[in-house]
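K.L.:
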Amino acid sequence: MNFSILDWSIVIVYILLMLLIGYLSSRKNKTVEDYILGGKTMNSFSIGISLFATLFSTLSYLSYPGEMIKYGPVFLAGILALPVANWLVGRFLIPKFMQMNVKSAYEILEVKIGPATRNLAVLFFLSLRFLWMTTIIYATVDVALVPILDINRPLIPVISVVLSLLTVIYTSLGGMNAVVKTDVVQSFIMFFGLILTIIFVHVQLGADQKLFDPEIYTHWEPVNWGIHPTKRMTVGNIFILILVIQLCTAGSDQMAIQRYLSTKSVKDATSSYNVSLWGGGLIKILLAFAGICIMAYFFHNPEILGDGAIADNADSLFPLYIRVGLPSGLTGLITAGLLAAAMSSLSSGLNSTSTVIMEDVIKKRKKVQSKLVNEKREFKLIKRLTLTLGILVALSTFFLPYVTGNLFDVIQRVVNLVVAPLFVLFIMALFVPFATDRSTVWAGVSSLVIAILIAFFEIFGISSLWITPLSLLGGTIIGILLSYVDKKHGQ
């Protein structure tokens, strides 16, 4: 089925709505604090939805159905980790952040530890989110838009640039206000489009085409409940991975901490994290069920895939179904949902990275500080930063095809590579009272080395799902030992 005029109309209306929100939000920004933190008066529910939409990108929207199709429901075991993460983050992390009067999370590290730790954290964060934004744009265009719109692959760079610039426009116009409001709209589109897709597959399946026919799932391996570093998919592995990812992101990522600081109190910040957490859990369940529905659709309609096996095409089945299985109008809505997932993450990433560059790099230089006494100059500079970053993200998508693996593996090997090393720095700063600047830097570097050895050299045959947990554990232990040695020798 071709992408119809109605489909294009829905996508265009969605894009225009995002630009309108950006323009209207720009009229509320009177100070730099308004632009970066929304004046610290933002609604906790909206902040929570925004945080969910930010972290739940196209990568998740596309990878979870594919993960369900190829490996089965084991990855849903991560939902069991959410209550634990919710308690730990709300009890031990958010209160500490809210005590600090900062715009950038990494100012905390210099206050607690020293300037070298802060500089390393900035480097880690910028690397992390740059890789993340790049992967989002590439996945959205290559894995989703190319098959849905049936366009030529050479057009990927052009579409990436256009998508990035559209996001840059409303992000640079409205700042955090625009990011949060567009995130709320985009979250609704993601949920609504997904629910309609599930309903429509049920309608399409005939009376003799069973959704839970055992023959559909014969390629799934038996559920493994253990913890095995060399095995890819077990309940124990997924539980640990999701718990560690949640703690690392909530406890060290500027995109998360910036949202806590945008609320009025610890209670509001904790509430916003709670909303984000359970919103992510709910949509993960919906995407898993969508994966089952789509798998059943292609099992009962094998002629669409030809000679291809369902498991071998797991990541591409959702976009393919959007193109061939949905009616005109709904195809456009789901496409808008995919764009929403990408643009919400990209806008937050651009806003947060430009904030970090402004607060942690540019404004630390005394000569620049004297020039930025004028509020208007600072506004212009941060908007230029956002534009430049958006262009760089779009251009960097040229290099991502060299990373192999299914989409979920790519997320672990590229996007989450620096998540644990960054959180190691915060563990040392917040929970190790005798930590030193030197030992904390070495802890972060050691954690990154461990992550790289597992991700790209497959040391000891360790699964990619263990990159984050083991690099977090290793870096923390090394940091504590080095700090103890420094303390003992009076450094």
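Throughout, this note's numbering is defined as the position within the sequence shown, counted from one, plus 1.
Ideal Cβ placement from N, Cα and C applies to all residues, glycine included.
#1: Count the CB pairs spanning the segment 261–268 and the segment 79–98 that are closer than 8 Å, and state whether there are at least three.
#2: What is the residue span of the alpha helix (DSSP H) that Asp487 lies within?
#3: Ordered along the chain, which non-local residues of its own chain (more than five positions away) have a Cβ less than 8 Å from that of Ile468?
#4: Rounding to the nearest angstrom, what Cα-Cα distance links Ile284 and Asp487 in this structure?
#5: Using three-state DSSP, classify Lys365 as helix, strand or coil.
#6: Indicate whether the contact test is met: 3 or more Cβ pairs, each with one atom in the segment 335–353 and one in the segment 132–146, closer than 8 Å.
#7: When the Cα atoms are used, what is the spatial distance from Arg92 to Leu248?
#8: Which residues in the same chain as Pro148 place their Cβ atom closer than 7 Å to its Cβ, once the five residues preceding and following it in sequence are excluded?
#9: I need the DSSP call for Thr387, collapsed to helix, strand or coil.
#10: Do you know offhand how far Phe290's Cα is from Arg233's?
#11: Which class does Ser105 belong to by DSSP, given the choice of helix, strand or coil?
#12: Can you list, in chain order, the residues of its chain with a C-beta nearer than 8 Å to that of Ile460? Leave out the 5 residues immediately preceding and following it.
#13: Report yes if the C-beta distance between Lys194 and Ala337 is below 9 Å; otherwise report no.
#14: Would the beta-carbon of Gln390 fall within 9 Å of that of Ser440?
#15: Leu81 to Phe240, Cα distance in whole Å?
#16: DSSP three-state label for Pro223, please.
#17: Looking at the structure shown, is His203 part of a helix, part of a strand, or coil, going by DSSP?
#18: Leaving out five residues on either side along the sequence, give the residues of the same chain with a beta carbon under 7 Å from the beta carbon of Ser355.
#19: What is the DSSP secondary structure of Lys381, counted as helix, strand or coil?
#20: If you drop the 5 nearest sequence neighbours on each side, which residues of the same chain put their C-beta closer than 8 Å to that of Trp221?
P.N.:
A quick look at the data gives this:
#1: Contact annotation: the segment 261–268 touches the segment 79–98, with at least three C-beta pairs closer than 8 Å.
#2: Run containing Asp487: 468–489, per the alpha helix (DSSP H) assignment.
#3: Scanning its chain for C-beta atoms nearer than 8 Å, with the 5 sequence neighbours on each side dropped, one finds around Ile468 the residues Gln413, Arg414, Asn417, Leu418, Ala421, Ala452, Ile455, Ala456, in chain order.
#4: Those two C-alpha atoms are separated by around 47 Å.
#5: Here Lys365 carries a coil assignment [DSSP, helix/strand/coil].
#6: The segment 335–353 vs the segment 132–146: in contact.
#7: The C-alpha of Leu248 is placed about 12 Å away from the C-alpha of Arg92.
#8: The answer, listed in chain order, is Ser317, Pro320, Leu321, Arg324.
#9: Thr387 falls in the helix class under three-state DSSP.
#10: Rounded to whole angstroms, the separation of the alpha carbons of Arg233 and Phe290 is 21 Å.
#11: Reduced to three states, the DSSP call for Ser105 is coil.
#12: Cβ neighbours of Ile460 beyond the five flanking positions: Leu454.
#13: Per the sequence presented here, residue 194 reads as Gly, with Lys not at that position. In this structure, Ala337 lies closer than 9 Å to Gly194 by Cβ.
#14: Strictly speaking, residue 390 in this sequence is Leu, with Gln absent from that position. No, these two residues do not count as a Cβ contact at 9 Å.
#15: So the two alpha carbons sit approximately 7 Å from each other.
#16: If DSSP states are grouped into helix, strand and coil, Pro223 belongs with coil.
#17: For His203, the secondary structure class from DSSP, reduced to helix, strand or coil, is helix.
#18: So the qualifying residues of the chain are Ile383, Leu386, Thr387, Leu390.
#19: Helix, per DSSP.
#20: Excluding sequence neighbours, Trp221 sits near Tyr72, Gly73.
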